Amino acid sequence: QLIKDFVKGAKVNFGIAPKLEDLEKEFDLIVDCTGFHRVYLPKLEEDFFLPTYEYKVEYDGKVPYDDFLVRPFAKMTGYFWYFPLGKNLAHIGAGDYKKNHVKATDEFLAKYGGKVIKTVGRPIRLATPNMCKPFFKGKVVGVGESIGTVYPLLGEGIIPSMECVDIFVKNLGNNEAYEKEVLEHFKIYGKVFNFVRNKMKNKFSMLKQILELLSIFRYMKKNEDRFGMEIHISDLMKVAKA
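Under my numbering, the first residue of the sequence shown is numbered 4, with each subsequent residue one higher.
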């Protein structure tokens, strides 16, 4: 419904991105919400992303679990996710640096059955806002995943991107203030990214990164309602030692 409200009364170009030069002739401000692709912003000097794969599954009876599930892979190279969509529908999928995401998704499907009614494969950016400059160029301003608002530990970007929208609206017309507030608001994401990337590349050191790990724990503990789960230091330590 949110998307329907957004496009109501607007001209929508499905399947193709309008040319930047055409948009610049017509509009004073162009918001790049094109996610991973950053269609209207310069290419990043340093990017980091995971390939992902997801099924929308319909079950004959009840869904396998009535709550969401996130299962990290060994060495935090990625994770499998399961999100129920009511009584008999669910999204199941995975993203993995080692490219085992399709295998993990198919194994869950084989175990619990169900009919695949939709398949989606796309990359997800884990590079955080401090790595995603420039945020703006000319008339274009990036908002959301195009400037890295995805929580690297969980790959969750919807709520952070909506928070980014609020910051954008608050600072409308002042791109420098917008960039400064985004970087401050999502500062912890850089620490989370360092932890995740080091785990993926087998470079994590508990001794060297214990302070970063404690910062991540404090942030997640403070925002338990936002993440929808209870956060325990013992669980985070298990992830760190995996």
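We treat Cβ as the ideally placed atom computed from N, Cα and C, and that holds for glycine. Computed from a prediction, not measured in an experiment: that's the story for all the values here.
| query | result |
| --- | --- |
| Does GLN93 pass the burial test, meaning 16 or more other C-beta atoms within 10 Å, or should it be called exposed? | It is Ala, not Gln, that sits at residue 93 in the sequence shown. Answer is buried; the Cβ neighbour count reaches 16. |
| Roughly how many angstroms lie between the CA atoms of GLY158 and LEU72, to the nearest whole one? | 13 angstroms |
| Measuring straight from C-alpha to C-alpha, what distance separates PRO45 and PHE138? | 9 angstroms |
| Name the one or two DSSP bridge partners that ALA97 has. | TYR56, PHE83 |
| Report yes if the CB atom of GLU124 is closer than 9 angstroms to the CB atom of ASN103, and no otherwise. | The sequence shown places Gly at residue 124, rather than the Glu named in the question. No. |
| Report yes if the CB atom of GLU27 is closer than 9 angstroms to the CB atom of LYS140, and no otherwise. | no |
| Rounded to whole angstroms, how far is the Cβ of LYS121 from the Cβ of LYS59, which I believe are closer than 8 angstroms? | 4 angstroms |
| Please check the pair ILE127 and THR55, which I expect to be a contact at CB under 8 angstroms, by giving their CB distance rounded to whole angstroms. | 5 angstroms |
| Do the CB positions of GLY116 and TYR62 come within less than 9 angstroms of each other? | yes |
| In angstroms, rounded to a whole number, what distance separates the CA positions of LYS202 and GLY12? | 47 angstroms |
| Any idea if ASP70 is buried or exposed, counting beta-carbon neighbours within 10 angstroms, 16 or more meaning buried? | exposed |
| Taking the straight line between their C-alpha atoms, what separation do you get for THR131 and GLY160? | 11 angstroms |
| Does the beta-carbon distance from CYS36 to VAL146 come in below 9 angstroms? | yes |
| Quick check on this structure: which residue in ASP169, PHE220, ASN178, VAL15 has the alpha carbon closest to the alpha carbon of LEU32? | ASN178 |
| Let me know if PRO21 comes out buried or exposed under the rule of 16 or more other beta-carbons within 10 Å of its beta-carbon. | exposed |
| Given this structure, state the Cα-to-Cα distance separating LYS118 from VAL105, to the nearest angstrom. | 16 angstroms |
| Mind checking which residues open and close the alpha helix (DSSP H) that includes ILE6? | 5-10 |
| Please determine, among PRO155, VAL10, TYR68, the residue with the shortest C-alpha to C-alpha distance to GLY98. | PRO155 |
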